[in-house]
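Chains as they are written, first to last, in the numbering used here: chain A, 29 to 325; chain B, 29 to 325. For every residue, glycine included, the Cβ atom is placed at its ideal position computed from N, Cα and C.
2 protein chains.
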Amino acid sequence: MDITLRQIEIFLNVVETGHLTQVSKDMNLSQSAISMSIKELESSIGRPLFDRINKRLTLNEVGRSFHSEIKPLFKKILDIQTEFQNSPNKGNIRVGASTTIVDYIMPQIVSSYMEKYPEVKVNLKNGNTQDIIEGVKEGIIDVGFVEGNVNDHEIIKEKVGVDELIIVTAEEELRHSCFIDSIAGKKWILREKGSGTRDIFLNCIKDKIEKLNVFMELSHTESIKSVLQNKTTYACLSKIAVDREIKDGKLFQVNVKKFDCKREFFMIYRKNKFKSDLFDKFTFFAKKMMSEILEAK
Amino acid sequence: MDITLRQIEIFLNVVETGHLTQVSKDMNLSQSAISMSIKELESSIGRPLFDRINKRLTLNEVGRSFHSEIKPLFKKILDIQTEFQNSPNKGNIRVGASTTIVDYIMPQIVSSYMEKYPEVKVNLKNGNTQDIIEGVKEGIIDVGFVEGNVNDHEIIKEKVGVDELIIVTAEEELRHSCFIDSIAGKKWILREKGSGTRDIFLNCIKDKIEKLNVFMELSHTESIKSVLQNKTTYACLSKIAVDREIKDGKLFQVNVKKFDCKREFFMIYRKNKFKSDLFDKFTFFAKKMMSEILEAK
DNA sequence: TTACTTATATATAAATTTTATTGAATAATA
DNA sequence: TATTATTCAATAAAATTTATATATAAGTAA
Numbered sequence: 029m030d031i032t033l034r035q036i037e038i039f040l041n042v043v044e045t046g047h048l049t050q051v052s053k054d055m056n057l058s059q060s061a062i063s064m065s066i067k068e069l070e071s072s073i074g075r076p077l078f079d080r081i082n083k084r085l086t087l088n089e090v091g092r093s094f095h096s097e098i099k100p101l102f103k104k105i106l107d108i109q110t111e112f113q114n115s116p117n118k119g120n121i122r123v124g125a126s127t128t129i130v131d132y133i134m135p136q137i138v139s140s141y142m143e144k145y146p147e148v149k150v151n152l153k154n155g156n157t158q159d160i161i162e163g164v165k166e167g168i169i170d171v172g173f174v175e176g177n178v179n180d181h182e183i184i185k186e187k188v189g190v191d192e193l194i195i196v197t198a199e200e201e202l203r204h205s206c207f208i209d210s211i212a213g214k215k216w217i218l219r220e221k222g223s224g225t226r227d228i229f230l231n232c233i234k235d236k237i238e239k240l241n242v243f244m245e246l247s248h249t250e251s252i253k254s255v256l257q258n259k260t261t262y263a264c265l266s267k268i269a270v271d272r273e274i275k276d277g278k279l280f281q282v283n284v285k286k287f288d289c290k291r292e293f294f295m296i297y298r299k300n301k302f303k304s305d306l307f308d309k310f311t312f313f314a315k316k317m318m319s320e321i322l323e324a325k
Numbered sequence: 029m030d031i032t033l034r035q036i037e038i039f040l041n042v043v044e045t046g047h048l049t050q051v052s053k054d055m056n057l058s059q060s061a062i063s064m065s066i067k068e069l070e071s072s073i074g075r076p077l078f079d080r081i082n083k084r085l086t087l088n089e090v091g092r093s094f095h096s097e098i099k100p101l102f103k104k105i106l107d108i109q110t111e112f113q114n115s116p117n118k119g120n121i122r123v124g125a126s127t128t129i130v131d132y133i134m135p136q137i138v139s140s141y142m143e144k145y146p147e148v149k150v151n152l153k154n155g156n157t158q159d160i161i162e163g164v165k166e167g168i169i170d171v172g173f174v175e176g177n178v179n180d181h182e183i184i185k186e187k188v189g190v191d192e193l194i195i196v197t198a199e200e201e202l203r204h205s206c207f208i209d210s211i212a213g214k215k216w217i218l219r220e221k222g223s224g225t226r227d228i229f230l231n232c233i234k235d236k237i238e239k240l241n242v243f244m245e246l247s248h249t250e251s252i253k254s255v256l257q258n259k260t261t262y263a264c265l266s267k268i269a270v271d272r273e274i275k276d277g278k279l280f281q282v283n284v285k286k287f288d289c290k291r292e293f294f295m296i297y298r299k300n301k302f303k304s305d306l307f308d309k310f311t312f313f314a315k316k317m318m319s320e321i322l323e324a325k
């Protein structure tokens, strides 16, 4: 005793014309099919929707009310159907990215993408590398971008760029080249323990330096950049995070000899993922734009 | 290639649980039925809605978007269905009434009724007796209330009350009884030609008076009541239209001997009208309340 | 008018086609 | 191995058609 969309469709047509025969012609069905469908609908509802007045069917007081409620819903369902059938770009992509990427790269990518494909909703989720991997595995995230390396047999990874960590300071006189051990005694600001940026930096210098003078630990790159405005402080940050400040002359890159501290960015997605048009377009777009951003900096 | 409500129902359940087997148990269907229904839906849309990840079905980027759009619509349709199935008072009645009734009786009836049955929408249409009859015959109006008599083989009429026309004035001294010919020379205000009220009055006095001193013709009873505030003017109006003014002492009923000018009110509806619960309740309510109103005045 | 005919419309029943569902076999996965 | 999804032929259920009955409007003749 359940209403069907077909019944609603027929009902709406009958309301329009008032004649079963007319509707049957319009819909390429027999007149009895229309008659029975209306009857079915009426018995589903539990009472008549039409007054049979002479040779016409006119909405009665119940039918009128039903009509006004059901018509807009039916139209919406039809709209959704044709929308999805005809616009391959309709959808909702969930993107996850780890800290540096989500702060300094993804916003540009997502906003350009949404401008190009306004039908696509992009959902950007922040998290550390491990969170993103979990999300991808559970299907909560369609595609992830992470700084750390990934080794998981359920995950496919693609290298999408190289990130360089550089030493920065606001202290102007130190623009000539030097070695890392000569500045180890400066006031260093690090990211908090567990941060990928921190780990890579410490790993990179561990053979060259006995002790780093850690002055402060902060959990946001933006905070570190603020504190760096007090000269005599130093930090090792992702190049893309300080790009603007260096261009504006607010920070300077310290030219440290034999200091080569790089890490790779990976795009990850689940093995066996059905690659929809949407997915392919987004990942293509994101990879291309990410390499442009990284090369420009 | 049309989406059905059943497919949507199954789709929503699969989204909920992520397992076809679970849904098949919940819905008392075989799992292949569920599988095929999902497949059908996907092919209607033109691309997959789920990622088959391990033994689960997880919405993909398209499915997620489809889900968020279709779910609220499905729920609404379900709501409408149960609403109509379970609340016999749901509907929309179209009532038509001719001038005097629509102004002085129907507002009270309609507002009381809507208070008692808030699910019912009442649509009140104004028109002269002939308009109302046409509306009823065409099915545009479910039930009509008219002042004039009706003779039409397609229309069923029920007498619902008697309306009395009385002579009113603001001239205080004329409160003793008199004969109509003694006041025929006063300044009379009539309704416009074609008005039922006017016709009945003139017909009522045609044998008793040679010439009535018609001072003014106005098309609204309310206008006449305003002009009547200038003393020395007279009018013959429906008792219910001047009830308040008489009670407030702003107008007086002239006690005219042998002046008996009545007309009947009729409720009309189409022959063969399917009498829904809604219709019966409304007409019962309206008839009862109308007689109460007329008797009180 | 009134009765009768014609044309046209809806309603219903049985027959038929189409669609939905099942059951069994197969494939994939933990 | 146990569990689950998919596929396909068989079948149950539903939608639709064909044929027929019934109702109404309009036209026509008594």
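Within its own chain, the residues whose Cβ lies closer than 6 Å to the Cβ of residue 102 of chain B, once the five positions on either side in sequence are excluded, are 36, listed in chain order.
Taking a C-beta distance under 8 Å as the contact criterion, residue 240 of chain A and residue 198 of chain A do not qualify as a contact pair. Ranking B:41, B:220, B:71, B:74 by CA distance to the CA of residue 59 of chain B puts B:41 first. In this structure the stretch 128-145 of chain B lies against the stretch 313-322 of chain B, because at least three pairs of beta carbons, one per stretch, are closer than 8 Å. For residue 122 of chain A, the uninterrupted beta strand (DSSP E) run begins and ends at 119-125, by DSSP. Within its own chain, the residues whose Cβ lies closer than 6 Å to the Cβ of residue 130 of chain B, once the five positions on either side in sequence are excluded, are 154, listed in chain order. Judged by their CB atoms, residue 266 of chain A and residue 193 of chain A are nearer to each other than the 8 Å cut-off. Shown in chain order are the members of the stretch 166-187 of chain A whose Cβ falls below 7 Å from a Cβ of chain B: 167, 170.
Residue 99 of chain A and residue 183 of chain A have their alpha carbons spaced roughly 46 Å apart. Under the Cβ distance rule, residue 90 of chain A counts among the residues neighbouring chain B, one pair being separated by less than 8 Å. Residue 44 of chain B has a beta carbon lying at 8 Å or more from every beta carbon in chain A. Look at the stretch 168-215 of chain B and you find these whole runs of beta strand (DSSP E), each 3 residues long or longer: 171-174, 183-197. The residues 35, 38, in chain order, have a CB closer than 6 Å to that of residue 65 of chain B in the same chain once the five nearest residues on each side in sequence are set aside. The C-beta distance from residue 95 of chain B to residue 85 of chain B rounds to 12 Å, too long to fall under 8 Å, and the pair is not in contact.
Around the CB of residue 146 of chain A, fewer than 16 other CB atoms lie within 10 Å, so the residue is classed as exposed. The straight-line gap separating the alpha-carbon atoms of residue 268 of chain B and residue 170 of chain B is approximately 25 Å.
Taking every protein chain shown into account, the CB of residue 324 of chain A has fewer than 16 other CB atoms within 10 angstroms, so this residue is exposed.
Annotation: Cβ neighbours of residue 304 of chain A in chain B (cutoff 8 Å, chain order): 75, 76, 88, 89, 90. Non-local C-beta neighbours of residue 232 of chain B in its own chain, meaning closer than 6 Å and more than five positions away in sequence, comprise 289, ordered along the chain. Close to residue 79 of chain A, with beta-carbon spacing below 7 Å, are these residues of chain B in chain order: 167, 301, 302. Distance from the CA of residue 120 of chain B to the CA of residue 152 of chain B, rounded to the nearest whole angstrom, comes to 11 Å. Under the three-state reduction of DSSP, residue 55 of chain B is assigned to coil, being neither helix nor strand. DSSP lists A:189 as the bridge partner or partners of residue 293 of chain A. For residue 30 of chain A, there is no enclosing beta strand (DSSP E), as DSSP marks it with neither H nor E.
Within the stretch 97-120 of chain B, contact with chain A at the beta-carbon level (separation under 7 Å) is assigned to 97, 98, 101, 104, 105, 108, 109, 112, 113, 118, 119, 120.
Against chain B, the CB of residue 149 of chain A has a partner CB under 8 Å away; the residue lies at that interface. Residue 293 of chain B and residue 247 of chain B have their C-alpha atoms roughly 20 Å apart. The beta-bridge partner set that DSSP reports for residue 246 of chain A consists of A:219. Between the C-alpha atoms of residue 225 of chain A and residue 219 of chain A there is a straight-line separation of about 7 Å. With fewer than 16 other Cβ atoms from the protein chains shown falling within 10 Å of its own Cβ, residue 260 of chain A counts as exposed.
In the three-state reduction of the DSSP assignment, residue 81 of chain B falls in the strand class, which pools E and B. Taking a C-beta distance under 8 Å as the contact criterion, residue 285 of chain B and residue 206 of chain B qualify as a contact pair.
In terms of CA proximity to residue 216 of chain B, B:256 leads the group B:256, B:322, B:67. With a contact defined as Cβ atoms closer than 8 Å, residue 72 of chain A and residue 105 of chain A miss out at about 18 Å. Distance from the CA of residue 68 of chain B to the CA of residue 178 of chain A, rounded to the nearest whole angstrom, comes to 37 Å.
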